[in-house]
Ligand code: B12
Ligand code: B12
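Shown next as structure tokens:
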């Protein structure tokens, strides 16, 4: 398969479309020109781009849950509940794991079992199986914009169905929905398939229909250093922009240290603008999203509220455009609608209480921003170099070489040589940089930071620290201190 | 009544003691020398001073609930639950409102009604009625140090009973348990009566029994500017130190703006040290306590968690020695033990997650600290001036003159001429300084800050702003913005 | 609108002053003649004030949890003092703890209160009720 | 201690890799010979690996909620493949949503699992169980 970061050739795109729409029987429901007109009929306040644009202007942080169940009517009720009782500003439709792997037969089985048992046996909404019609019922039943959230390496049919079904935003990307979500799928394949999704989005854009795209920021959600996830987000933004996408939300999963988290969002804003400009893209709108703690949660609901609220505070202080909300059931399983709405209301309270405050821009914060800027730049520059100036090719080679490396990723196309750990203040640093292309000053900085922690804890800097860090939040701490 | 800030004359003290112990029949249970020996037998890890001292050293923030019910066995169960299920580090015994007014007959009626109904008809634990014996049952049934928390203008018998009953800390002060808690009681009277309490504490101290004293920081809990509550706290610390108290915890009620709240705690630490030194007191230990939001709460429990967790975050970032915890039932009524423990666990999660972080000491924070330092100093200096160098006399005159002025206080000995309101960032400023003795630069600063807000909101700076601010948190915001 | 007189205050040993100050402000703005007794008001003080001011309603606040103990017998005392039929409202956090509102309402109505309001009732709600009961204006 | 062999992996379409990596680390540290199949493991892969490595236990993880669908028939397939009586454990977030653990346990035991563990079970707990079942060491 040949890959470059070039706008899809129209002919090739439409040829491929035909194949894509044949992969499941609901594909025939998608009629592109009808879909464009349908989308044109969606009121502006129900569009993602409008609501995000307004939030950027007002420096507001919007709240959005995750939610999806197997059947259309159940799912509609769920979303309405989250909108009314949870005061969600933006709605999701989380897709089930079978659909994510294009196992539509299995999803069909899950739908049947769910009907039989009277409750959802799937961990999400199987949008492709429900087809354009099912999706339209969902998007028409609510007052807020709805986004598809998933984790699908090959999301072409899902995107076709979703856009025609009235969704105005689509999460994911060729890297961020591969490395954390797949084991055996080559990057070159997923980047290509996501260029298709981006091209489809660009096509709508050219018809005057602006659709939002959101790379999945948190990746594995577990001790991902900001520069790694930011680099991935910026690459996916560049790939999307090349296909004509104009409305992009870049994401970041809260790491837990206030200064580092605010710095990460600031750096993400700054560096993504810088790279989009550098490659000549124009007329786009960039927004940011902070994901509340994406790693293991405490089982106790009160403690879970603690984690949720601290994430909300960080989102507000970082002035992220939106925040993705966890629930007090996180550690246990897919939440009930009540638990989901409770997470939303707690989040909203914190967000609106802090709406008028930001973390002061002092030297500590500026130093951290500068560090993340430099790290991200070094990763991106080496990636471009590896691709002889082509970011798509460069990305594939960068992952091969471990120049980009996501911790704890299931994919065998990820090097897995880098190892993160927290420093004494809880910021995520590198215990082992692996092949990340950092200059010596950066490497020394991280080593110093971890040595400090090791000294304070009276133990060596090793994998046990990482294990302790992974459990820490679920045990009530941020830094995994040694057991006494 | 003659008042000066002078150590009680021993003879006078012991004469007064006899009278005090006669005011309710349980008074005869208090035998001071037996009580001293009893206290000496309390294990060091069960003493307030030890646990606070350790926390100061380790820069840890301890968590403490409020809780009290009418009957001894109920109250023991409640405290044990909070210790085990809530992981409270320090325990309270909140006293009922009748006892606070020395209405022991009414409290007795409440105890009877509670026995009859099988649940607490009093809003706290009537410690005097239960006497030394009842108190010892309570303090002996738990593993953690226990403090008496109340709001009693004349707390002499309560203090006698509490110390003899094994409590190792006693909240309150002649100002802080009068102005917010009484309507018709002259300050000169309560200051004098609290000198008694402090002298009693000092007496134990001289016998080698260190007992902790904690002025009630939040006052009315409603838009109290930091300099006002800090000035009151410092005055009460000076009054206590004069009577020989050596272990003092100074308190502050969260206002809501992160920078202002952290600055307030920092300033409290700095200014109290400064004044205690200036008047030659030595060998004391100062700790700080942050009270989670003390004003009106949202009714919804999830939203209440939001308020609780944000308060916890501020306590941790300010490195307060302890935090007093609210519950998700706050807006509704005295919490169940489950709700109380839930508030504690949420708090603990946030506190321990943030244990390794502090708000960076940057220029914005330092500027706010400096402002509070100057304001507090101007209030204290004018107070001393009014008292011809005597802080006790000065305080009475300062309240008369409105030099110290607590907003929304029920007491007619409070001028009530000052009016606070939030600025555009949510910090509490002065809408009307009343007679607070500020220099022009400070007055101009506050005016400017409120004008900024007025302009941003397109409305005049007036009482409606204050009303909106009072409701704000319970409606999900910090700053009460105009209704659209 | 003719100016109706009402007496307000916080009953018993209760010192919660904030809501009281706001109610005073809101009722006055709404056009009532408000006699505000502040906090820590005894049953006798309400009655005296109502007689003196010729008031048509007594609006009792109780926040601190002892409302049930403090309010017992107020209706009877009003009757004895010649204030038969005077409108009695109660609101705030009138019992100890979070309890089902229906039960609480029943108990206070049995004590002779005309209207009973739960925690966090907005001033507007009370004003609407007063207008309905005193002026016959239904919203 | 003789080295017992166990097969571990995350079943079905599940990609939750973190817990799996930790279990591998913890079981190895505890002295087991661990064959780690990683994530997205099919029933057939577990069985193949168990036969090849002569394993005495298969430890199935499922986090993503489809555990109940994914685990159906594993015991029967083991029997067919000649792995009669092999120890089968399952743990993680094995069903969709927060459900009473007793019900869940019953359903998975009915499917033929020897032990069923709820969300957030510590590695130490699993290790103790393995030691008891494989080595007869009771703690
Ligand atoms: C991190 C995470 C992710 C990451 C995973 C990255 C990666 N590739 O590893 C990402 C973001 C990609 C992700 C994706 C999804 N996730 Co996820 N995820 C989590 C989360 C937050 C933490 C998991 C984790 O790493 N924990 C830390 C490790 C150390 O603990 P652990 O995994 O629980 O494993 C330990 C124990 O369970 C135990 N254990 C594990 N297996 C076994 C087996 C035995 C026999 C025993 C005794 C013990 C045992 O030992 C392990 C080590 O201590 C959990 C919720 C939580 N726990 O807080 C949700 C959670 C597991 N995810 C969930 C879901 C639904 C999904 C998604 C479908 C999408 C979504 N809604 O976001 C996709 C699924 C993708 C797929 N095909 O699998 C749900 C599952 C719901 C359910 N069962 O009802 C959870 C519970 C969240 C929730 N409440 O909704 N997720
Ligand atoms: C601030 C506060 C204090 C301050 C009061 C300062 C002062 N002097 O005013 C301080 C810290 C001193 C304090 C002390 C105590 N408090 Co207090 N306090 C509060 C708090 C947090 C807010 C009250 C407030 O100002 N709200 C804002 C105003 C605008 O609202 P409001 O008071 O509710 O009044 C509005 C409505 O209720 C309504 N309303 C009021 N009256 C009426 C009447 C009618 C007819 C109608 C229709 C409506 C109505 O209109 C008002 C205006 O909108 C509340 C809990 C909460 N609500 O969040 C607890 C609360 C009222 N306090 C409580 C208690 C128990 C106490 C104490 C006994 C000690 C303690 N445990 O801390 C002491 C009592 C002292 C005493 N003798 O009264 C409890 C009462 C418990 C119960 N009923 O079961 C509460 C509910 C907290 C709790 N959950 O435990 N408190």
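Residue numbers (the numbering used here), protein chains in the order written: chain F, 1 to 484; chain X, 485 to 968; chain R, 969 to 1107; chain Z, 1108 to 1246. Cβ coordinates follow ideal geometry from the N, Cα and C atoms, glycine included. None of the values given here were measured: they were computed from a predicted structure.
Compare the C-beta of residue i with all C-beta atoms of chain F and state if any pair is closer than 9 angstroms.
i                       : result
residue 742 of chain X  : yes
residue 1121 of chain Z : yes
residue 1153 of chain Z : no
residue 785 of chain X  : yes
So that I know if they touch, is there some Cβ in chain R lying closer than 9 angstroms to that of residue i?
i                      : result
residue 909 of chain X : no
residue 949 of chain X : no
residue 738 of chain X : no
Do residue j and residue i count as a contact pair if the criterion is CB distance below 9 angstroms?
i                       : j                       : result
residue 700 of chain X  : residue 740 of chain X  : no
residue 808 of chain X  : residue 834 of chain X  : no
residue 213 of chain F  : residue 170 of chain F  : yes
residue 263 of chain F  : residue 368 of chain F  : yes
residue 704 of chain X  : residue 663 of chain X  : yes
residue 1181 of chain Z : residue 106 of chain F  : no
residue 1055 of chain R : residue 1025 of chain R : yes
residue 42 of chain F   : residue 244 of chain F  : no
residue 50 of chain F   : residue 320 of chain F  : no
residue 410 of chain F  : residue 1124 of chain Z : yes
Strictly below 8 angstroms CB to CB, what residues from chain F border residue i?
i                      : result
residue 666 of chain X : Chain F residues near residue 666 of chain X: none, gap ~32 angstroms exceeds 8 angstroms.
Are the C-beta atoms of residue i and some chain Z residue less than 9 angstroms apart?
i                      : result
residue 71 of chain F  : no
residue 145 of chain F : no
residue 275 of chain F : no
residue 74 of chain F  : no
residue 334 of chain F : yes
Can you list the residues of chain R that residue i reaches, using a CB-CB cut of under 7 angstroms?
i                      : result
residue 815 of chain X : 1087 and 1088
residue 688 of chain X : Here the premise fails: no neighbours, minimum Cβ distance about 30 angstroms.
residue 582 of chain X : 981
residue 954 of chain X : 986 and 990
Bridge partners of residue i, per DSSP?
i                       : result
residue 773 of chain X  : X:735 and X:806
residue 1030 of chain R : R:1060
residue 487 of chain F  : Here chain F comprises residues numbered 1 to 484, so residue 487 of chain F is not present and cannot be evaluated.
residue 548 of chain X  : X:808
residue 420 of chain F  : F:430
residue 653 of chain X  : X:631 and X:696
residue 1001 of chain R : R:973
residue 1194 of chain Z : Z:1164
residue 1083 of chain R : R:1057
Note down, in chain order, every chain X residue with its Cβ under 9 angstroms from the Cβ of residue i.
i                       : result
residue 1008 of chain R : 585, 666, 667, 668 and 894
Do we get a CB-CB distance below 9 angstroms when we pair residue i with the residues of chain C?
i                       : result
residue 1234 of chain Z : Structure shown: chain C not included; protein chains present are F, X, R and Z.
Residue i touches chain R at which residues, Cβ-Cβ below 9 angstroms?
i                      : result
residue 472 of chain X : Here chain X covers residues 485 to 968 and nothing more, so residue 472 of chain X does not appear.
Any beta-carbon of chain X closer than 9 angstroms to the one on residue i?
i                      : result
residue 264 of chain F : no
residue 290 of chain F : no
residue 985 of chain R : yes
residue 349 of chain F : yes
Below 7 angstroms on C-beta distance, what does residue i contact in chain X?
i                      : result
residue 153 of chain F : Chain X residues near residue 153 of chain F: none, gap ~34 angstroms exceeds 7 angstroms.
Residues of chain Z with CB closer than 7 angstroms to the CB of residue i, please, in chain order.
i                      : result
residue 120 of chain F : 1203
Below 7 angstroms on C-beta distance, what does residue i contact in chain F?
i                      : result
residue 789 of chain X : 305, 309 and 346
For a contact defined as C-beta to C-beta under 9 angstroms, what are the partners of residue i on chain F?
i                       : result
residue 1200 of chain Z : 331, 332, 333 and 334
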